[in-house]
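Under the numbering used here, read the sequence shown as residues 1 to 438, first letter to last. Before any comments, here is the structure.
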Amino acid sequence: MITPRAPKGTYDLLPDAAAERDVIVAAAARVFTAYGYRHVVTPEFEETGLFERGVGEATDIVRKEMYTFADKGGRLMTLRPEGTAPVARAYVEHGMHKLPQPVKLWYHAPMFRYERPQAGRYREHHQIGAEAMGSAEPAVDAEVIVMLGQILGELGVTGLRLAVNSMGDRECRPAYVALLREYLEAHAVELCQECRVRTQLNPLRTFDCKEPGCRAVMARAPHVVDHLCAGCRRHFAGVVELLRLAGLAPQVDFTLVRGLDYYTRTTFEFQSDKLGFAQSTVGGGGRYDYLVEQIGGPPTPGVGFGCGLERLTLACEAKAHPVGGPPVYVVAFAPERRADAFAVAQRLRAGGLPGAELDLAARSVKGQLKQASRLGARLAVLVGLDELAAETVRLRDLATGSEDDVTIDELPGRVTSLLAAAARPPERGHVGGRGGKV
Ligand code: HAM
1 MITPRAPKGT YDLLPDAAAE RDVIVAAAAR VFTAYGYRHV VTPEFEETGL FERGVGEATD
61 IVRKEMYTFA DKGGRLMTLR PEGTAPVARA YVEHGMHKLP QPVKLWYHAP MFRYERPQAG
121 RYREHHQIGA EAMGSAEPAV DAEVIVMLGQ ILGELGVTGL RLAVNSMGDR ECRPAYVALL
181 REYLEAHAVE LCQECRVRTQ LNPLRTFDCK EPGCRAVMAR APHVVDHLCA GCRRHFAGVV
241 ELLRLAGLAP QVDFTLVRGL DYYTRTTFEF QSDKLGFAQS TVGGGGRYDY LVEQIGGPPT
301 PGVGFGCGLE RLTLACEAKA HPVGGPPVYV VAFAPERRAD AFAVAQRLRA GGLPGAELDL
361 AARSVKGQLK QASRLGARLA VLVGLDELAA ETVRLRDLAT GSEDDVTIDE LPGRVTSLLA
421 AAARPPERGH VGGRGGKV
């Protein structure tokens, strides 16, 4: 017997929540478009090597969290754990370096990570994200950060902290990593077992550890921002200045190394204490100037972010008002008029009209009217009233009670104009207000 439950760490999005999600994604899409980013869709799974090389073999994602399987041809495949490596792969595969740079792309996609499920942390989560590839200018870093800030602002997420850091580049990072490793080796007895492994594999990861002993050691660790080369220092100062000019208040956080190995120079996160759990990051990202090269493309700088929709929804103060069903409900006044009601509904659903619902459960007339108001319909079309002439129906405004008899030919036009004239839509019962703002 199969247990009828979604797998651990996954969830179903029921219609109200899915409608709320749609509103969020549509708002994000509007902002992405306003900044010149274009939608891109990549496969749900990729060759495992892409993530090993792109995200980094020493990261938790690659070491512990990937959903990897051999396909029937014996090739190792992985369900996408993050969106940047696949977009970089698509950039290389489709020769996008030949387009005017930077190439600016956005996506909305599920991500799969075998993590310990808890509030705000799932094994399948959904991200909106953006990647700008082909420019090393600080203005691109600032643009993606400001763009995420605008999306969060428009969705009513307030009380955010913007943390920024610089991870250095090929020139300055090796010396810093050696210094950090030396420091960690000197404090090995105070570190957890995992951080002792990290000291050798990838010492920067020790900044992510939540163990109190490790945190105390890391609080006194050397800071990468104090060991940047002149180029990285200039770049970081440029990004911070542009962010301030845009009205943001970035706070330098030297522990912000982030969990993926491809970052160089800028890293950033928008954090909220409203989430009320260990995962305070609503969205984050950074620059990855060697990623495209690492996966076989021409040297191409890049910068982007990913933002979890589950966390975004939790952090939203003003909830999105989901859109319910169609605004018109067609009522059959007698069982033998059901086919006529069906035809009227079809007419209202065709070609750009507002759409209609009708009874599919053999309800009485009273039951149909009750269902219309339960669904939040604004108008009812009454079909089959004895007193009406042939080819005529009665249109009832369910908010005001006013009625009007119209021919079936006139009906679509009258419905459209009545709905347009309705200044304020009615409350929509359990499905929320129609077309409400976020
Ligand atoms: P990330 O920090 O691993 O970065 O994930 C981005 C966002 O996805 C997080 O800030 C969080 O909101 C959400 N998230 C991550 N894991 C989970 C989870 N298990 N459950 C719920 N939400 C989660 C990346 O993935 C990079 N690709 C971001 C990026 C784009 N960097 C440059 N470009």
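From the three backbone atoms N, C-alpha and C, an ideal C-beta is built for every residue, glycine too. Predicted, not measured: the structure shown is a model, and the values here were computed from it.
When the alpha-carbon of residue 95 is set against those of 9, 299, 351 and 169, the nearest one is in 299.
The distance from the Cβ of residue 44 to that of residue 79 is about 6 Å, consistent with a contact at the 8 Å cut-off. Remark: the C-beta of residue 260 is in contact range of ligand 1, defined as less than 7 Å to any heavy atom. Per DSSP, residue 95 lies in no alpha helix (DSSP H) and is assigned neither H nor E. Using a 10 angstroms sphere on the CB of residue 128, the tally of other CB atoms reaches 16 or more, which defines it as buried. Counting the other CB atoms within 10 Å of its CB gives residue 327 a total of 16 or more, which places it among the buried residues. Annotated three-state conformation of residue 102 is coil, per DSSP. If you check the CB distance, residue 92 and residue 408 do not come in under 8 Å.
Contact between residue 120 and residue 314 holds: their C-beta atoms lie close to 6 Å from each other, under 8 Å. Under the Cβ criterion (8 Å, minimum of three pairs), the segment 60-70 does not count as touching the segment 94-108.
The Cβ-Cβ distance between residue 222 and residue 180 falls below 8 Å. Taking C-beta atoms as the reference points, residue 251 and residue 152 fail to come closer than 8 Å. Nearest neighbour of residue 85 by Cα position, chosen from 104, 24 and 46, turns out to be 46.
In this structure residue 302 is buried. Its beta-carbon is surrounded by 16 or more other beta-carbon atoms within 10 angstroms.
In the displayed model, residue 269 falls within a strand according to three-state DSSP. Within the model, the alpha-carbon separation for residue 310 versus residue 58 is close to 27 Å. Distance between residue 214 and residue 72, taken at the CA atoms: about 44 Å. One thing to note: residue 224 has its Cβ no nearer than 8 Å to the Cβ of residue 191. Spatial neighbours of residue 200 in its own chain (CB-CB distance under 8 Å, excluding positions within 5 residues in sequence) are listed in chain order as 181. Of all alpha-carbon atoms in 265, 5 and 308, the one lying nearest the alpha-carbon of residue 287 is that of 265. Partner residues in the beta bridge of residue 79, as assigned by DSSP, are 45. Closer than 7 Å to some heavy atom of ligand 1: that does not describe the Cβ of residue 32.
About 17 Å separates the beta carbon of residue 130 from that of residue 242, a gap too long to meet the 8 Å contact definition. In the structure shown, residue 7 falls within a coil segment according to DSSP collapsed to helix, strand and coil. Comparing alpha carbon positions, the residue from 194, 2 and 56 closest to residue 259 is 56. In the DSSP assignment, residue 166 falls outside any alpha helix (DSSP H) and lies within the beta strand (DSSP E) extending over 160-166. Between residue 148 and residue 270, the CB-CB gap stays under 8 Å. Per DSSP, residue 213 is one residue of the alpha helix (DSSP H) stretching across 212-219. Residue range 230-245 is occupied by the alpha helix (DSSP H) that includes residue 235. For residue 329 and residue 17, the gap between their C-alpha atoms comes out near 23 Å. For residue 133, the three-state secondary structure derived from DSSP is strand.
One thing to note: residue 396 has its Cβ no nearer than 8 Å to the Cβ of residue 406. C-alpha of residue 392 to C-alpha of residue 367: approximately 22 Å in a straight line. Remark: C-beta atoms of residue 267 and residue 282 do not approach each other more closely than 8 Å. For residue 146, the CB contacts under 6 Å within the same chain, skipping 5 residues up- and downstream, are 246 in chain order.
Contact between residue 253 and residue 136 fails: their C-beta atoms lie close to 23 Å from each other, not under 8 Å.
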